[in-house]
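Engineer: In case it helps, our numbering puts the sequence shown at residues 246 to 496.
We treat Cβ as the ideally placed atom computed from N, Cα and C, and that holds for glycine.
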Amino acid sequence: MPDVSVAAFHGGLSGNKLASGDGSGITIADGKLYISLYNGNKIVAYNSIPQSAEQKPDFAVGSPDVDTNTLDSIGFITNPIIETDGKSLFVSSDFDGTLSVWKSLPDENGAKPDFKYDLAMSPWDSELFKNRLILAGKDKVYIWNSLPLQGELPDLIFEGSIGSVTLKEIKGVAVDEKYFYLADTNKIQVWNGIPNKNSNPLFSIDALGATRLSSDGRYLVVAATEAPSQEMIKMYKIEGLSSGSKPILIQ
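(1) Pick helix, strand or coil for L334, following the three-state DSSP scheme.
(2) Leaving aside the five residues before and after L350 along the sequence, list all residues of the same chain whose C-beta is less than 6 angstroms from its C-beta, in chain order.
(3) Assuming L392 and D330 form a contact by the criterion Cβ under 8 angstroms, report the distance between their Cβ atoms to the nearest whole angstrom.
(4) Just grab the DSSP bridge partners of K287 for me.
(5) Could you pull out every residue in the same chain whose Cβ sits closer than 6 angstroms to the Cβ of Q434, ignoring the five residues on either side in sequence?
(6) Going straight from the alpha carbon of E397 to that of L378, what length do you get?
(7) State the start and end residues of the unbroken beta strand (DSSP E) segment that holds N437.
(8) CB A419 to CB S459, shorter than 8 angstroms?
(9) Is it right to say T430 is buried, meaning 16 or more other beta carbons lie within 10 angstroms of its own, or is it exposed?
(10) Between the C-alpha atoms of H255 and Y424, what's the straight-line distance to the nearest angstrom?
(11) If I measure Cβ to Cβ from T470 and keep anything under 7 angstroms in the same chain, skipping five residues before and after, which residues do I get?
(12) Which first and last residues belong to the beta strand (DSSP E) in which I478 is found?
(13) Quick one, which of L494, Q475 and L344 has its alpha-carbon nearest W369's?
(14) On the criterion of 16 or more Cβ atoms from any shown chain inside 10 Å, does E372 qualify as buried, or is it exposed?
(15) Would you please state the rounded distance, in angstroms, between the beta carbons of N286 and G307? I believe it to be under 8 angstroms.
(16) If we count the other Cβ atoms within 10 Å of its Cβ and call it buried at 16 or more, is D275 buried or exposed?
(17) Can you tell me which of the three DSSP states L494 falls into?
(18) Determine the closest residue to I497 out of L486, K479 and S487, with distance taken between C-alpha atoms.
(19) Who are the near neighbours of I493 in its chain, counting only those whose CB is closer than 6 angstroms to its CB and skipping five residues on each side?
(20) Measuring alpha carbon to alpha carbon, tell me which residue in L401, K432, I407 and F374 is nearest K416.
(21) Rounded to a whole number of angstroms, what is the C-alpha to C-alpha distance between V289 and S488?
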């Protein structure tokens with residue numbers, strides 16, 4: 246373990262929200278520590294080696310200050326996941342930890358959202374079904390029972406568990422007239438409709454590498470990006486779905 250961690254993802258741990266990302270670099274020159282922030286669109290620098298997680302960088306290169314990401318000024322969204330009811334637009338980002346809402350469908354370049362949620366979660370997948378919006382990622386699920394067009398808070402928040410299921414690394418969510426689905430750590434958990442915090446799933450399906458999910462009420466489609474190439478797209482028939490259901494492989 247490091248002696249000091251100076252960055253925290255979405256503020257979930259002590260430290261600064263530096264938005265480093267996968268391709269960041271670090272170097273020391275003339276006693277100063279420079280960190281390139283791959284997704285922060287700048288370089289931050291410490292005049293000396295930081296001694297605590299709360300110590301902020303002393304200055305930034307490529308940005309007016311250490312807290313500003315210049316991409317925010319143009320409405321840049323990292324890893325966007327899109328949902329729409331044909332009238333409004335909802336775009337979530339696992340990396341940014343945000344949900345951007347356009348009350349009306351944007352129809353021009355650079356259209357900014359009407360408002361943006363800073364979420365205490367990292368939504369990996371989303372679902373819009375019958376005026377209900379669902380975000381899910383890691384160990385959390387947010388559910389709005391009606392579309393949040395005025396900045397409403399979620400009606401349901403699940404964190405850590407739903408019934409007997411421990412939530413760890415949710416990568417997919419789907420819902421249809423019959424079932425509610427979550428993909429988490431190589432399993433698809435299946436509930437009878439929207440659960441409450443004490444609801445146990447009807448059953449689970451083993452699904453190696455399952456990530457994003459989609460259901461049209463006839464088939465459940467599973468994107469398994471971490472599975473072998475021949476198993477990356479799977480389809481399950483909803484009728485007769487059970488823990489022993491075998492997928493149709495799409496190659």
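Structural biologist: For this structure:
(1) Translated into positions along the sequence shown, residue 334 becomes position 89. The answer is strand: DSSP assigns L334 an E or B state.
(2) The residue given as residue 350 occupies position 105 in the sequence shown. Contacts found: L334.
(3) As a first step, residue 392 must be located in the sequence shown, where it is residue number 147. As a first step, residue 330 must be located in the sequence shown, where it is residue number 85. That pair is a contact at about 7 angstroms.
(4) Position 42 of the sequence shown, counted from the start, is the residue given in the question as residue 287. Looking at the DSSP assignment, K287 forms a beta bridge with L282.
(5) Position 189 of the sequence shown, counted from the start, is the residue given in the question as residue 434. Counting only Cβ-Cβ distances below 6 angstroms, and skipping sequence neighbours, we find V410, L427, P446 and S449.
(6) The count along the sequence shown starts at 1 and reaches residue 397 at position 152. The count along the sequence shown starts at 1 and reaches residue 378 at position 133. Roughly 12 angstroms between the two C-alpha positions.
(7) Stepping through the sequence shown from its first residue, residue 437 is reached at position 192. Per DSSP, N437 belongs to the beta strand (DSSP E) from K432 to N437.
(8) As a working note, residue 419 is residue 174 in the sequence shown. As a working note, residue 459 is residue 214 in the sequence shown. Taking 8 angstroms as the cut-off, the Cβ atoms of A419 and S459 count as close.
(9) As a working mapping, residue 430 is identified with position 185 in the sequence shown. Exposed, since its Cβ has fewer than 16 Cβ neighbours within 10 Å.
(10) Residue numbering aside, residue 255 sits at position 10 when the sequence shown is read from its first letter. Residue numbering aside, residue 424 sits at position 179 when the sequence shown is read from its first letter. Summary for H255: the model assigns pLDDT 49, below 50, so the residue's position carries little reliability; its value from the coordinates is reported in the next sentence. Taking the straight line from one Cα to the other gives about 31 angstroms.
(11) Taking the sequence shown and counting its residues from 1, the one referred to as residue 470 is at position 225. Contacts found: G454, T456 and M477.
(12) Within the sequence shown, residue 478 is the residue found at index 233, counting from 1. Run containing I478: I478 to K482, per the beta strand (DSSP E) assignment.
(13) Against the sequence shown, residue 369 aligns to sequence position 124. Comparing Cα positions, the closest option is L344.
(14) Stepping through the sequence shown from its first residue, residue 372 is reached at position 127. It is buried - the Cβ of E372 has at least 16 other Cβ atoms within 10 Å.
(15) As a first step, residue 286 must be located in the sequence shown, where it is residue number 41. As a first step, residue 307 must be located in the sequence shown, where it is residue number 62. Indeed they touch by this definition, with Cβ atoms about 7 angstroms apart.
(16) Within the sequence shown, numbered from 1, the residue matching residue 275 stands at position 30. Its Cβ having fewer than 16 others within 10 Å, D275 is exposed.
(17) On the sequence shown, position 249 is the one that residue 494 refers to. The answer is strand: DSSP assigns L494 an E or B state.
(18) With the chain covering 246 to 496 only, the question about residue 497 has no answer from this structure.
(19) For the purposes of this step, residue 493 is identified with residue 248 of the sequence shown, where counting begins at 1. Excluding residues within five positions, the ones whose Cβ falls inside 6 angstroms are M480.
(20) Taking the first residue of the sequence shown as 1, we reach residue 416 at position 171. Comparing Cα-Cα distances from K416 to each of L401, K432, I407 and F374, the minimum goes to K432.
(21) Indexing the sequence shown from 1 puts residue 289 at position 44. Indexing the sequence shown from 1 puts residue 488 at position 243. Annotation: V289 to S488 spans about 50 angstroms, alpha carbon to alpha carbon.
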